[in-house]
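Report on the structure given below.
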Amino acid sequence: MRSARQAPSARSKRSTSTPAAQASTKRKAPETEEEEEQVEKKFRKCEKAGCPATYPVCFASASERCAKNGYTSRWYHLSCGEHFCNECFDHYYRSHKEGYEKYTSWKRLWTENGKSEPSLKAFMADQQLPYWVQCTRPDCGKWRQLTKEIQLTASLAATYRCGMKLNNIKSEGPDQCSQPEDMRVAGVADSWWHSMLILPPLFKESPANPFLTAYYPDCVGMSPSAATSSHRVTHHHTALMHVSVCTCLVPGLCPYFQPFYQPNECGKALCVRPDMMELDELYEFPEFSRDPTMYLALRNLILAVWHRDCKEALTPQKCAPHVIVRGLVRIRCVQELNRVLHFMTRKGLINTGTLLAKRPLLPEPYHNKKVLVIGAGPSGLAAARQLQNFGMQVVVLEARERIGGRVWDDSSLGVTVGRGAQIVNGCVNNPIALMCEQLGVRMHKLRERCDLIQEGGQITDPAIDKRMDFHFNAILDVVSEWRKDKTQHHDAPLGEKIQEVYKTFLQESGIQFSELEEKVLQFHLSNLEYACASTLDQVSARSWDHNEFFAQFSGDHTLLTEGYSTLLHKLAQDLNIHLKRPVKSINYSGDVVKVTTSSGTQYTAQKVLVTVPLALLQKNVIQFNPPLPDRKLKAIHSLGAGIIEKIALQFPYRFWDSKVRGADYFGHVPPSPEKRGLFSVFYDMTPKGDQCVLMSVITGEGVAMVRDLEEREVVELCMNVLREVFKEQEVPDPLKYFITHWSKDMWSQMSYSFVKTGGSGEAYDIIAEDIQGKVFFAGEATNRHFPQTVTGAYLSGVREASKIAAL
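UniProt numbering applies: residue 1 is where the sequence shown begins, and numbers increase by one.
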């Protein structure tokens, strides 16, 4: 008869096997107590598919009944190497347990600040996982797990060394660095490890936090439990914490630094969505396309740290201590930090401007290129600075005996006056503002007031100016509507289209403008010619403002009182620049590119960047072998090489002060359409200073009118205007003056580009295309988003440096 008594190792589950089968599988009785203990011990592996943990270990140790490395009815997986047992789950989840209150308090805070689910797994990841920190000894670098009671800070992470005394406890042993690293650390670097994370990493105390207070923290890679009460809202409907948020200004930060879009904000240049990856980021980091949280947390942190201190090179070592997140995922974040930071450096999002790197900013694989840059203007210097900072060999060839190209500051009148550019249009996120911040260069904010003064000396009623400005913009709006369904073949000259719309309006409305109002309209047309650097009969009505379809720089318009030269000379510092080296030909038919100067000197490089003005490309000043593609040549000739000229005059005293009353500039109402291009605006170069210098511009038809005149004749024309504008007082003769001649300048022959009738903004992109990965192009006429500006030229150089580095 079979005994009803079960063997010690038998399971309580009822057996369905036959007695014969039971007899055949009956276990051998244990011979010792140790063997009996092994038979009794149970285990359960992690049930997460793909997790290699056969014998998980509970990191929480919260419950007295914690399974530790033993058996539990269920293991909860956070990552490969981090699990907690069912007993510790119950410790926090069950209302009668000791840890329940702690979990509910955290849950309340998380719900108030965050958008994601406040699950117990999220609680464990955010509050219970131990921190990991890397030894900062150069010959060590091992990762160590901190005990649960240790709170990681940026200062601790930046100074930690193996065996370091923490909470008055020091690890025993003379050389803690010799101790082996936890085996789990090696697995973190595996490509698949990231995919096994249950929850994305959410950073605590991220430097990005002050920039992103209007967002849910967990939507931008930050922990809701670390948010302050001022960030909380009660109604959560979107990824944004507030429906309408004004510009976020961080205390102590330059107000022009606004790297992140705020909720419901758009159309701001060089701005990123903190809760979304850009297309080029997705292309570079496809592994984050499904869940971008880790990438966003790192990118946002890097941008914030850079804008807090843009005067020093930003390195992974400077950023890593700010990565505060619990668990092994911190190791992965620090590893990914290198890739993200190098990508952002290459793209010119950080480590840019006048920064002079003491050591290469990119890893060694980027160092094996030799690059020739043709032209030492803003675009050429920007590219050369970037490439040299990356670690490449760079030589710059400049035809002139000075750097700067069309940027040329003149101090002969006792104050800096730009013969070329001097104004920054829109300072928010503008790289020019960044460079000014890096160098401590002053930017004078231009105020909006601009009185229009008629010949005869009367100041125009502001109501008339406002009315005609509205009418002028209404005309341009009608032109914008007209072009919506027009192709390049149906284009028309902008001047012709404006006249057509204007006449139609007068006929249909029956409105008659006064003679003064007509003259004020001509003033606004002269400003448009100033913007286009051309007469309006050459400009495309379809594409004259093509760049307005892209995000533009906003904020203050400023005058660089010290000029652009201060910035450009800093960009040029320590660069290998060869002056008086006009390039005659570029031969890119072989493996290396050969560049020959007019003196016969030959240079070779793997990559060549051409930054000469559009006018020189149009006139084939440089011979290309093979010739440039037809597509590129067509684009080059579809743009216009615009011209404006400047005149600056120094006077014995400030005769204009009583009428202008401290304004930065004043307008001159033209007496006729034919003369609207002559001195339409006068700039006071030192409105609050003691210098007596006025600067004015010659645009449109005015350029042709003065081209063949003697300088004294041009000065006489200008003085006639000033004496009409200030007719009620005596206007003295100027003590000194200068007049620009950009149209006659051998190495420029232009001021800036515009789209000719029949052309399109796409031409800028086509000109920017490289040839066979060997010859590259930069300059304002290659920047579709920001043409006609020093900013656009600079950014085109940064763009091409990024392209060259990526190949």
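Heads up, the beta-carbon is just placed ideally off N, CA and C, and yes, glycines get one too. Here the structure is a predicted model, which means the values were calculated and not measured.
CB of residue i within 8 Å of CB of residue j, strictly
i	j	result
R400	W742	no
L355	Q438	yes
H471	L536	no
residue 808	S680	With the chain covering 1 to 807 only, the question about residue 808 has no answer from this structure.
Y366	A805	yes
P431	G327	no
G758	E529	no
V798	T611	no
S802	A781	no
E87	S105	no
V706	V714	yes
W132	R330	yes
S298	C333	The identity of residue 298 in the sequence shown is Leu, whereas the question assumes Ser. For L298 and C333, yes; Cβs fall inside 8 Å.
M750	I636	no
A551	K268	yes
L349	A208	no
W70	R184	First, the residue type needs correcting, since residue 70 is Gly and not Trp in the sequence shown. Going by C-beta atoms, G70 is not nearer than 8 Å to R184.
A60	C51	no
S412	F682	no
G640	Q538	yes
V592	I586	no
P274	Y215	yes
P130	K148	yes
R406	P613	yes
Y76	F89	yes
N113	P201	no
C319	L303	no
A53	K42	no
Under the three-state DSSP convention, the category residue i falls into
i	result
K727	coil
V415	coil
A641	strand
D485	helix
D182	coil
C177	helix
S289	coil
A62	coil
residue 887	Nothing can be reported for residue 887, as the shown portion of the chain is limited to 1 through 807.
Y665	strand
A492	coil
Buried/exposed call for residue i, threshold 16 Cβ in 10 Å
i	result
W544	buried
K204	buried
W193	buried
T72	buried
Q38	Below a pLDDT of 50, predicted positions are generally treated as unreliable, and Q38, at 45, falls in that range; no measurement from the model is reported.
A474	exposed
C266	exposed
S796	buried
I511	exposed
E98	exposed
L506	exposed
Y55	exposed
D175	exposed
Top-ranked residue by Cα proximity to residue i, from the options
i	options	result
P263	Y256, F257, C271	C271
I403	C51, P378, G440, Y737	P378
Y588	K148, L575, H578, Q602	Q602
V371	R359, F390, L362	F390
L337	Y764, A189, W656, R44	A189
V621	G640, S598, G642	S598
F624	D733, P207, I771, V396	I771
Y665	G702, T686, L413	T686
K48	A214, A154, L197	L197
K632	N527, R661, I766	I766
S191	F288, R308, P363, T213	F288
Q691	M277, K736, L722	K736
Open item on the list: Check whether the segment 646–659 and the segment 681–699 touch, using three or more Cβ-Cβ pairs below 8 Å as the test.
Closed with: yes
Open item on the list: Using 8 Å as the cut-off, can you tell me whether the segment 597–615 makes contact with the segment 767–782, which would need three or more C-beta pairs spanning the two stretches below that distance?
Closed with: yes
Task: Validate contact between the segment 417–437 and the segment 560–574 using beta carbons, cut 8 Å, 3 pairs - done: yes
TODO: Assess, as a yes-or-no matter, whether the segment 475–491 is touched by the segment 508–516 under the definition of 3 or more beta carbon pairs within less than 8 Å.
DONE: no
TODO: Take every Cβ of the segment 380–388, pair it with every Cβ of the segment 570–581, and state whether three or more of those distances are shorter than 8 Å.
DONE: yes
Task: Three CB pairs or more closer than 8 Å across the segment 78–97 and the segment 285–297 - done: no
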